[in-house]
Every structure is written in C-alpha cells, then in structure tokens.
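Q: Numbering (my numbering), first residue to last: 41 to 528. We treat Cβ as the ideally placed atom computed from N, Cα and C, and that holds for glycine. One structure, pasted below without further comment.
Below is the structure:
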C-alpha cells in the first residue's frame, strides 16, 4: 500500500478497507518505540530512552484496557527487562529481548547448521510467568513470523472458548523484517533475480508508485539525493550478494503479510473481524546498520546478514537518513487503521501528524477505559498523545501540541508544518557520555512544502528556530529523561 513491489495482498486489502496515514511517526529505534506504544508516554518519561532497561512511572495498554473489562494478550518482541505478563497482560508469549535468529533462537539442534547468534547471546523468551534463556524450539518448522502468528491465534482461540462475550486486546509484535535477514526458501524463490537490476531502478519505481497511489506528491516530496552506491561499481559477486539480500528481505515482508492473512482469516471465521479495530505500524525506518555473522547462505539459519545502508536508502524513498535518525527516513512509519463503521475507508491518504503516544489516548477514548494517576506504587505521567478517533472518522484531528522526538541526541520538534531537527550524535559521544552538541546544528524545515527535508530554513527563520528550541528544551526538562550510558 506504500508503493513497494513486494506482494502484500492482505495489507493492500487492509488499506483499501481502512485509512492510510503518511505522517505517523515512531522514535527511530525499536525499544523506545515499543515503550511509547505500550505506555502512551514518550520513552524519555518512562526511563526507556537510552537503553532497554525496566520501565518507571508507567501504565500499559494492558493495564488500562483491563479497567474496561478487556482480556489482554501480547505475543512477540518486547525488548525490555520487564516481563509483559507482569505489565497488565493476561497472557504473554514471546521474546522479551530484541533481535534473534528467526529459525532457532537457542541451542543448535541435531542435524542442523549452527544458528547464527548476535554476540552469541541467546535471547530470553517468556510464556506467561515462565521465562527461559535460551529458548530452543523443538520443531524445525519454527520461524518467528509463523510461530508468533500461531501463538496469537491459539491465545485468541482460548479466549473465544472461555470468554466469548468479553472483548479482547491483542498486541502482536513481529520481529520481521529486522535482521538477521532470513526466510523460507519458498518465499525467497518469489524474489530471486528481482533485484538484479540494482538500487536505482527499484528506488525510481517505488517513487513512481508512491506518486500514483497518492501517498506523496511530487511538489512537496521531491526525491532526496540518493546515497546508495553505483550498482555498476560492484563486482559480479557483490551484485549477486546484494540482490540476494534484498530478495530475502522482501521474502520476510511477504511472509509477514501471509501471516496477517492467517490472523485476519481467523477473526473473520469467528465473526470478529469487522468488530475489531486493527492498527498496523512499524517501529523505525529502514536500517543502515550492518551485522554479518556466519558463513552460510544469505537467508539461512547459519547466516546473520543485513540489508545495509544502500538498500536502506532505497527502502526509505523518498526520505533521507535511516533508523536511529530523527529525520523523516528514521521516524516515519506506515500506519493503517481499519474498523468498518468507524474508520472512514477509501478516502485520500490521511496527512494527520501523529505519533505512537497517540495510540493510548485513542484506545482510552474508544474503550472508555480509565487512565490512572498511579500504578505499581508510583505516580504515572500524563498521556502524551491525543486521540486519533476524530481522524479516523473525519480525517482530521486538532493536535494542539507539538510532537517531540529524541534518540541518541538526534532531536526534533514538529509543530504544525514546522520541523526543527538535529542529526544524532556520534557513537563516541554516546559511549563516553559526553553528549557534546558542539558539532551539531539545528535544522529547520517547512514540512508543508518540503516533507523530504531538502531546504534548511534555519538561517532565514531564526525566530522560529528560537521558538521551537524553547519548546523542545521545556519538554526535555518536563520528561526528566533517565540517561544511562553503556557500562553503567
């Protein structure tokens, strides 16, 4: 639905029957995104803005929806030290940590190649109160996207058997297409050779489809200068590897869509599909990070590969930068909402400026749930978001306050059509705890005319810069972020 050549028929249907947003933002990083989504507060406010530690002064979607009588379920990636089973969820089956081998996150099984693991660190998995490290699946049919869907459908089935009249909330958190880039051979086969033409033709075709679909318009979304290398500069072996990496990456997305189809099919069979608000989104922009482990074939259990910055540049068309950046390429996420009779379907792309923190406010608005002032013996910060229900119904919402972004010192404030943004800090500044901003400068963009952040207006609009800096600094002081450095 956002212009890719990857086959996503179920997401396409979701978009056709729902509402598509093009200014929904995440935090540019996986665990702060999940913290903001879960709590309705900025990650800085709940102690999750630098490292994936334990939450503070928080309440979760699970906690809140329990007050409205919901059965609360979570499956998949969490990426924090806390167990979601202790965070308001009646059931949690999934990976408490971040990325892991998609075919086997645990010990090598008989007859298989040695699974590639990041830092050789097997991840923690939890099944309600029981957590284990490592988790070694018995079945060699295990694949995270398939298995997480199996678990979600099983939990929904249990709910339907025992709580037929009780509403449910399911948070299904896939890891795909996060590296390692791994997929089933049958899915990879669909895309073999598809990317032999290289970076530029794929990027150009995606941009053209985005224009055709109305996701963007050429006047306000001119293409940024490509940062990928010249395909013809690569050797034949390098071209083959790069084509293979993107074929596997696409297969992962294809598989995710297939599994969404399984989930939607289950809801349709039980008569719940059209009575359920479905929201689909991602946690960050495409990643330029490179992790290479193992010497197996790209896509296999014994190889951890990444798409790298060249394909990430293609994936983020038309925006610049990547995951970990507060520029649009790092923070803009696909967001699709479907709920027949409530969410207006089939209209133009919604250009509401929204953020993950808006999910909590939306859920509270829709469910009639109570957002408490205290939880777990601690005061709870205010909801930072606004309800998107008016946008679902009429296409617009009065935000009334800016959206704030920060990750690794990459700061931004979006107020109306203005965006003030700063490049993230260098890794050495983060690691030493210096947070030295002397090498960074604020940049100002008018998103109403320049969504791709090409024309920096900071020098010509110093008063607007000063105004937005003041708003950002006031927000930073208010949320009292916990700054924890590696090694502490």
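The beta strand (DSSP E) spanning residue 452 covers which residue range?
A: Residue 452 -> beta strand (DSSP E) spans 450-455.
Q: Below 6 Å CB to CB, which residues in the same chain sit around residue 66 once its five sequence neighbours on both sides are set aside?
A: Only 73, 323, 324, 371, 373 and 396 meet the Cβ criterion.
Q: Can you tell which of 499, 491 and 453 has its C-alpha closest to the C-alpha of residue 515?
A: The option with the nearest alpha carbon to residue 515 is 453.
Q: Okay, do the region 263-283 and the region 351-366 touch, 3+ Cβ pairs below 8 Å being the bar?
A: Yes, the region 263-283 is in contact with the region 351-366.
Q: So, at 8 Å on beta carbons, what are the nonlocal neighbours of residue 419 in its own chain, with the 5 sequence-adjacent residues on each side left out?
A: Correct list, in chain order: 97 and 413.
Q: Assign residue 330 to one of two classes, buried (16 or more other C-beta atoms within 10 Å of its C-beta) or exposed (fewer than that).
A: Exposed: under 16 other Cβ atoms inside 10 Å.
Q: What is the rounded straight-line gap between the Cα of residue 297 and the Cα of residue 382?
A: One C-alpha to the other measures close to 24 Å.
Q: Pull up the distance between the alpha-carbon of residue 123 and that of residue 165, whole angstroms please.
A: Answer to the nearest angstrom: the Cα atoms are 9 Å apart.
Q: Could I get the ranges of all uninterrupted alpha helix (DSSP H) runs contained in the region 201-279, with 4 residues as the minimum, in chain order?
A: The qualifying runs are 225-228 and 239-253.
Q: Please look up how many angstroms separate the CB atoms of residue 81 and residue 423, rounded, as I've assumed it's under 8 Å.
A: Confirmed, Cβ separation roughly 7 Å.
Q: Could you tell me which whole alpha helix (DSSP H) segments of length 4 or greater appear in the region 384-417?
A: Complete alpha helix (DSSP H) runs here, min 4: 398-407.
Q: Which term fits residue 527, buried or exposed, when burial requires 16 or more other beta carbons within 10 angstroms of its beta carbon?
A: Confidence is the limiting factor: at residue 527 the pLDDT is only 43, short of 50, which leaves the residue's position unreliable, though a coordinate-based value still follows. Looking at its Cβ environment, which holds fewer than 16 other Cβ atoms inside 10 Å, residue 527 is exposed.
Q: Quick check on this structure: which residue in 190, 115, 137 and 511 has the alpha carbon closest to the alpha carbon of residue 442?
A: The option with the nearest alpha carbon to residue 442 is 511.
Q: In terms of DSSP beta bridges, what is residue 344 paired with?
A: Bridge partners of residue 344: 333.
Q: To which residues of the same chain is residue 142 closer than 6 Å at the C-beta, ignoring the five residues directly before and after it?
A: If we look at residue 142 and ignore the five residues flanking it on each side, its Cβ neighbours are 183, 184 and 222.
Q: Within the chosen definition, does the region 215-235 reach the region 284-298 through at least 3 CB pairs nearer than 8 Å?
A: Judged by Cβ distances under 8 Å, the region 215-235 makes contact with the region 284-298, as three or more pairs qualify.
Q: At what residues does the beta strand (DSSP E) containing residue 133 begin and finish?
A: Its beta strand (DSSP E) spans residues 131-135.
Q: Counting along the chain, where does the beta strand (DSSP E) carrying residue 112 start and finish?
A: First-last of the beta strand (DSSP E) with residue 112: 111-116.
Q: Buried or exposed for residue 102, please, with buried defined as at least 16 other CB atoms from any protein chain shown within 10 angstroms of its CB.
A: Flag for residue 102 reads buried.
Q: Should residue 404 and residue 427 be called a contact, given that it needs their Cβ atoms to be closer than 9 Å?
A: In this structure, residue 427 lies closer than 9 Å to residue 404 by Cβ.
Q: Quick check: the Cα distance between residue 68 and residue 228, rounded to an integer number of angstroms?
A: Their backbone Cα atoms lie some 27 Å apart in a straight line.
Q: Quick check on the DSSP output: the alpha helix (DSSP H) that includes residue 36 runs from which residue to which?
A: There is no way to answer for residue 36, as the model of the chain reaches only from 41 to 528.
Q: Can you tell me whether residue 111 is buried or exposed? The criterion is at least 16 other CB atoms within 10 Å of its CB, across all chains shown.
A: Residue 111 comes out buried.
Q: Tell me residue 313's beta-bridge partners as DSSP assigns them.
A: In the DSSP output, where bridge partners are listed per residue, residue 313 has none listed.
Q: Starting from residue 165 and walking both ways along the beta strand (DSSP E), at which residues does that stretch end?
A: 165-167 is the extent of the beta strand (DSSP E) around residue 165.
Q: So residue 234 packs on residue 357, CB below 8 Å; how close in whole Å?
A: Going by Cβ atoms, the distance from residue 234 to residue 357 rounds to 16 Å, so no, they are not a contact pair.
Q: Is it buried or exposed, residue 52, if we count other Cβ atoms within 10 angstroms and call 16 or more buried?
A: Looking at its Cβ environment, which holds fewer than 16 other Cβ atoms inside 10 Å, residue 52 is exposed.
Q: Could you tell me the boundaries of the beta strand (DSSP E) in which residue 321 lies?
A: Taken as a continuous stretch (DSSP letters only), the beta strand (DSSP E) holding residue 321 covers 318-321.
Q: State the Cα-Cα distance for the pair residue 399 and residue 502, rounded to the nearest angstrom.
A: So the two alpha carbons sit approximately 34 Å from each other.
Q: Kindly identify the DSSP beta-bridge partner or partners of residue 376.
A: DSSP output for residue 376 lists 60 and 320 as bridge partner(s).
Q: Rounded to whole angstroms, how far is the Cβ of residue 146 from the Cβ of residue 162, which I believe are closer than 8 Å?
A: About 5 Å; that satisfies the 8 Å criterion.
Q: Taking the straight line between their C-alpha atoms, what separation do you get for residue 50 and residue 63?
A: Distance between the alpha carbons of residue 50 and residue 63 is about 22 Å.
Q: So residue 115 and residue 195 are supposed to be a Cβ contact under 8 Å. How far apart are they, rounded?
A: With a Cβ gap of about 7 Å, residue 115 and residue 195 count as contacting.
Q: If you draw a straight line from the C-alpha of residue 340 to the C-alpha of residue 224, how long is it?
A: Between residue 340 and residue 224, the C-alpha separation is close to 8 Å.
Q: So, using beta-carbon positions, are residue 156 and residue 336 closer together than 9 Å?
A: Against a cut-off of 9 Å, the Cβ pair of residue 336 and residue 156 comes out as a contact.
Q: Buried or exposed, going by whether 16 or more other CB atoms sit within 10 Å of the CB of residue 541?
A: Past the edges of the chain, shown from 41 to 528, lies residue 541, and the structure says nothing about it.
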